[in-house]
Amino acid sequence: MKVAVFPGTFDPLTLGHLDLIKRGSALFDQLAVAVMTNRSKKPLFTVEERVAQIREAVSGLDNVSVITTDGLTVDLMNKIGADYLMRGLRNTTDFQYERDIAAMNNFLDDQCETVFFLAKPEYQHLSSSILKEVTSSGGDISAYLPKNINEALKQRIEEEKLKQVKEHNEKTR
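In the UniProt record's numbering, the protein residues as written are 1 to 173.
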């Protein structure tokens with residue numbers, strides 16, 4: 001059985017991510033989407049919220065599960081019996097970054113095989129960070145997000161704006 005892990009922060013999951021998940025689910029017998037914690041990023045959604053959002057977005061894919069861990073990806077792979085690590089590439093910058101991670105993962109576990117998927121042209125310019133920035137500035141990015149995640153993102157951005165206004169008002173009193 002071919003089991004793969006597709007790790008990421010997915011804050012939020014984009015249609016580019018979802019396309020990779022669908023393509024990976026056609027290639028592998030089982031695909032685990034692993035919602036990870038990246039200590040260098042400040043996520044807008046909690047891990048639990050992201051897991052729930054992604055589970056809804058992939059609900060029609062029977063061989064896809066959504067899991068989480070905060071440790072090493074290779075440890076997660078060993079825990080669930082995965083031999084493949086699935087990653088997406090949008091550009092040469094992604095390639096250089098992902099190549100180095102693949103080398104380190106192979107050093108940590110020489111059974112870890114990284115499989116790269118090239119992003120489709122319509123998704124190559126996407127990043128979760130850009131989509132959050134455009135949304136927070138009032139832009140409509142609904143064409144790039146699953147519906148449930150687009151609604152959650154708009155709501156969270158509004159909540160964050162209200163929170164900032166309240167904090168500003170408290171400081172000026």
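Note that beta-carbon positions come from the ideal geometry of N, C-alpha and C, so glycine has one too.
Please read all numbers here as calculations on a predicted model, not as lab measurements.
Query                                                                                                               : Result
Sheet register partners of residue 113 (DSSP bridge)                                                                : 84
Exposure of residue 14, with buried meaning 16 or more beta-carbon neighbours within 10 Å                           : buried
Limits of the unbroken alpha helix (DSSP H) element including residue 208                                           : With the chain covering only 1 through 173, there is no way to say anything about residue 208.
Where residue 32 sits in the DSSP three-state scheme                                                                : strand
Cβ neighbours of residue 111 in the same chain (closer than 8 angstroms, five flanking residues each side left out) : 83
Reference residue 68; option with closest CA among 78, 51, 80                                                       : 51
Same chain, Cβ closer than 7 angstroms to residue 105, five either side skipped, listed in chain order              : 73, 74, 85, 112, 114
Nearest neighbour of residue 128, chosen from 4, 5, 1, 18 [CA to CA]                                                : 18
Three-way DSSP call (helix, strand, coil) for residue 40 in this model                                              : coil
CB contact flag (residue 98, residue 89, <8 angstroms)                                                              : yes
Opposing strand residues paired with residue 118 [DSSP bridges]                                                     : 89
Expected contact under 8 angstroms - CB spacing of residue 29 and residue 78 to nearest Å                           : Their Cβ separation, rounded to whole angstroms, is 17 angstroms, which puts residue 29 and residue 78 out of contact at 8 angstroms.
Burial state of residue 8 (16 or more Cβ within 10 Å)                                                               : buried
CA-to-CA distance, residue 158 to residue 167, given in whole angstroms                                             : 14 angstroms
Coarse secondary structure for residue 73, derived from DSSP in three states                                        : helix
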